[in-house]
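Numbering (the working numbering), first residue to last: 21 to 336. Yeah, the Cβ is synthetic: ideal placement off N, Cα and C, and Gly gets one too. Source: prediction; values computed, not measured.
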Amino acid sequence: MEEDAGEGSVTKSVAMMACTAMALFYVAILYSPTWVLRLPPPSSFKQFMIRRFICAAISSLVSMLLSALILLPMRSWEVSHLFDVYGIRIDHIWQAMVFPLSLTSLMYAGSLLLKSLLIVSSWKQYKNQGRGIAINHVKNVPQNILNWVFSTASSILAWRNYVVAPFTEELVFRACMIPLLLCGGFKTYSVIFLCPIFFSLAHLNHLLEFYSKHNRSLLKAFMVAGLQLGYTVIFGSYASLLFIRTGHIVAPIVAHIFCNFMGLPVLFAQGKGMVSVAFVAGMVGFLWLLFPVTDPALYNDRTDNCRCWHGYCTWT
21 MEEDAGEGSV TKSVAMMACT AMALFYVAIL YSPTWVLRLP PPSSFKQFMI RRFICAAISS
81 LVSMLLSALI LLPMRSWEVS HLFDVYGIRI DHIWQAMVFP LSLTSLMYAG SLLLKSLLIV
141 SSWKQYKNQG RGIAINHVKN VPQNILNWVF STASSILAWR NYVVAPFTEE LVFRACMIPL
201 LLCGGFKTYS VIFLCPIFFS LAHLNHLLEF YSKHNRSLLK AFMVAGLQLG YTVIFGSYAS
261 LLFIRTGHIV APIVAHIFCN FMGLPVLFAQ GKGMVSVAFV AGMVGFLWLL FPVTDPALYN
321 DRTDNCRCWH GYCTWT
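What follows is the structure in structure tokens.
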């Protein structure tokens with residue numbers, strides 16, 4: 021049974037209103053413990069973040085429930101099929117992890133080269149200090165890596181950047197919103213550029229935070245928040261394309277984690293022209309491989325006559 025991704029009983033207005041509600045709720049619930057529940061201020065930063073983790077998890081569950089209530093009656097899907105709609109799948113899991121991660125790393129070719137050059141430079145410094153010091157440095161590498169792993173695992177900010185934010189944001193802004201927009205009649209390419217707008221809307225609360233941190237300077241707050249919003253729009257478009265092309269929620273999640281870990285790509289470094297060359301080469305490779313590496317056939321056994329919203333044949 022073949023269905024077009026844009027056809028269905030869900031209207032564009034319903035899809036837009038539902039997505040707007042999800043985006044606003046994702047932000048509003050973060051402030052509910054203090055403003056709605058009137059809980060006392062958290063005694064520590066860790067407690068503050070744990071509260072936000074719980075709120076983000078609740079927001080994700082509510083968004084999944086809302087989209088299910090809209091999609092199930094309209095499309096006559098079974099509940100079990102809804103997991104496929106959300107991209108929560110086990111099949112082709114390694115492809116959904118390895119291929120998007122490798123593709124995303126090309127955008128950071130300059131950053132990775134710079135890190136490599138710094139490691140080599142550090143090694144040369146130890147080597148110049150004596151062979152014994154260099155050998156001890158090599159021996160300490162496994163221990164240093166282990167210490168870094170334990171330090172990261174115990175960091176509340178690491179849990180936010182590498183676990184809570186990637187999983188909850190991708191569930192809400194990709195898994196829940198994209199099926200609604202596509203079933204509402206929006207074209208695939210329109211969704212890729214529309215969905216990040218909701219993603220950016222959920223980051224507008226950072227404007228207030230930057231405003232208070234920068235001595236209530238509205239100009240500085242807008243400059244910092246504007247840079248972040250621009251980045252979220254670009255990444256949101258990329259994550260949306262990954263989700264639609266692969267049909268796997270894991271694909272944008274691993275890309276999200278990697279981008280959070282790397283930060284903004286390094287475009288150039290003083291005295292290291294090769295970094296800029298690597299960045300340009302990486303971006304060329306990224307654009308060249310974007311569609312071949314995200315070919316739906318790599319992530320699905322069958323890409324024609326499918327009865328899901330992805331509409332794989334529209335990409336071939």
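Boundaries of the alpha helix (DSSP H) in which residue 189 is found, first to last residue: Position 169 of the sequence shown, counting from 1, holds the residue named residue 189. Where residue 189 is concerned, the enclosing alpha helix (DSSP H) stretches over 185 to 190.
Close beta carbons around residue 108, own chain, < 8 Å, minus the five adjacent residues each side: Here residue 108 is taken as the residue at index 88 of the sequence shown, counted from 1. Within the same chain, residue 108 has close Cβ partners 195, 269.
Residue 132 to residue 166 span [Cα, whole Å]: Counting from one through the sequence shown, the residue named residue 132 turns up at place 112. Counting from one through the sequence shown, the residue named residue 166 turns up at place 146. Rounded to whole angstroms, residue 132 to residue 166 spans 21 Å at the Cα level.
Local Cβ density within 10 Å of residue 138, reported as buried at 16 or more and exposed below that: For the purposes of this step, residue 138 is identified with residue 118 of the sequence shown, where counting begins at 1. By the 10 Å Cβ count, residue 138 comes out exposed.
Residue environment, residue 283, which counts as buried when at least 16 other CB atoms sit within 10 Å: Here residue 283 refers to the residue found at position 263 when the sequence shown is read from its first residue. The residue is exposed, with fewer than 16 neighbouring Cβ atoms inside 10 Å.
Residue 320 vs residue 112 beta-carbon contact at 8 Å: Here residue 320 corresponds to residue number 300 of the sequence shown, with the count starting at 1. Here residue 112 corresponds to residue number 92 of the sequence shown, with the count starting at 1. Taking 8 Å as the Cβ cut-off, residue 320 and residue 112 qualify as a contacting pair.
Backbone CA spacing between residue 88 and residue 57 [nearest angstrom]: Walking along the sequence shown from the start, residue 88 turns up at place 68. Walking along the sequence shown from the start, residue 57 turns up at place 37. Approximately 27 Å between the Cα atoms of the pair.
8 Å Cβ cutoff met for residue 216 and residue 274: Against the sequence shown, residue 216 aligns to sequence position 196. Against the sequence shown, residue 274 aligns to sequence position 254. Not a contact, by the Cβ cut-off of 8 Å.
Meets three-Cβ-pair contact criterion under 8 Å: the region 62 to 75 and the region 118 to 130: no
Exposure label - residue 51; buried when at least 16 CB within 10 Å: For the purposes of this step, residue 51 is identified with residue 31 of the sequence shown, where counting begins at 1. So residue 51 counts as exposed.
Option in 272, 309, 30 with minimal Cα separation from residue 263: Sequence index remark: in the sequence shown, residue 263 carries index 243 (1-based). Closest option to residue 263, Cα to Cα, is 272.
Under the three-state DSSP convention, the category residue 292 falls into: As a position in the sequence shown, residue 292 is number 272, starting the count at 1. Of the three classes helix, strand and coil, the one that applies to residue 292 here is strand, per DSSP.
Through-space distance from residue 53 to residue 68, alpha-carbon basis: Here residue 68 corresponds to residue number 48 of the sequence shown, with the count starting at 1. Here residue 53 corresponds to residue number 33 of the sequence shown, with the count starting at 1. Answer to the nearest angstrom: the Cα atoms are 10 Å apart.
Continuous alpha helix (DSSP H) stretch holding residue 61: start and end: Residue numbering aside, residue 61 sits at position 41 when the sequence shown is read from its first letter. It is not in any alpha helix (DSSP H) - residue 61 carries neither H nor E in the DSSP assignment.
Burial state of residue 357 (16 or more Cβ within 10 Å): In the structure displayed, the chain extends from 21 to 336; residue 357 sits before or after that span and is not available.
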